[in-house]
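The structure under discussion appears below in the form of structure tokens.
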Amino acid sequence: MPVRAAQVATFEGATLTLHPATGDDKVVGVRQPTRMLVVNDGASAVTLTIPVPGRTSYGEDNPDKDITIPAGTHFILTLLPQYQDPADDNLITLTWSDTTDVSWAVIG
């Protein structure tokens, strides 16, 4: 299970390390809205699903967050602290519809 933390890119030359998407990616340390870069070099769109823990005020499970990353794009999205799962050490789970030609990095 790859667990990734936010990286800091600077104008002075620090570059982001893009990680290949896997079936069990997780993110640690999201304490405020945090940007995430997804690169889809594939020929078709990929769906990223983030399970959102907890329940609504009506007692229903919170809906998952589904994000479509178009083919051949660099896509920036925002991870929210509400996505952390207290039952899983406050990690955020990333589930990909396809991991071929997809890489990503969390930007702090």
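Take any residue in the sequence shown, count from 1 to its spot, add 1: that is its number in our numbering. C-beta: ideal position from N, C-alpha, C; glycine also.
**Asked** Less than 8 Å separating the beta-carbons of H27 and L78?
**Response** Taking the sequence shown and counting its residues from 1, the one referred to as residue 27 is at position 26. Taking the sequence shown and counting its residues from 1, the one referred to as residue 78 is at position 77. Correcting the residue type first, residue 27 is Lys in the shown sequence and not His. Cβ distance not < 8 Å, so K27 and L78 don't count as in contact.
**T112 versus N63: straight-line alpha-carbon distance, rounded** = The structure shown does not extend to residue 112, since the chain is modelled only from 2 to 109, so the question has no answer here.
**Asked** Under the rule that 16 or more other beta-carbon atoms within 10 Å means buried, what is V39, buried or exposed?
**Response** Along the sequence shown, one-based indexing puts residue 39 at 38. When all chains shown are included, V39 counts as buried.
**Request:** Would you mind giving the Cβ-Cβ distance between V4 and L80, rounded to the nearest angstrom? I have them listed as a contact below 8 Å.
**Result:** One-based indexing of the sequence shown puts residue 4 at position 3. One-based indexing of the sequence shown puts residue 80 at position 79. Actually they are not in contact, since the Cβ atoms of V4 and L80 sit about 14 Å apart, beyond 8 Å.
**Message:** For a test of the three-state rule: what should DSSP assign to P54, helix, strand or coil?
**Reply:** By 1-based counting over the sequence shown, the position of residue 54 is 53. P54: coil per DSSP, three-state reduction.
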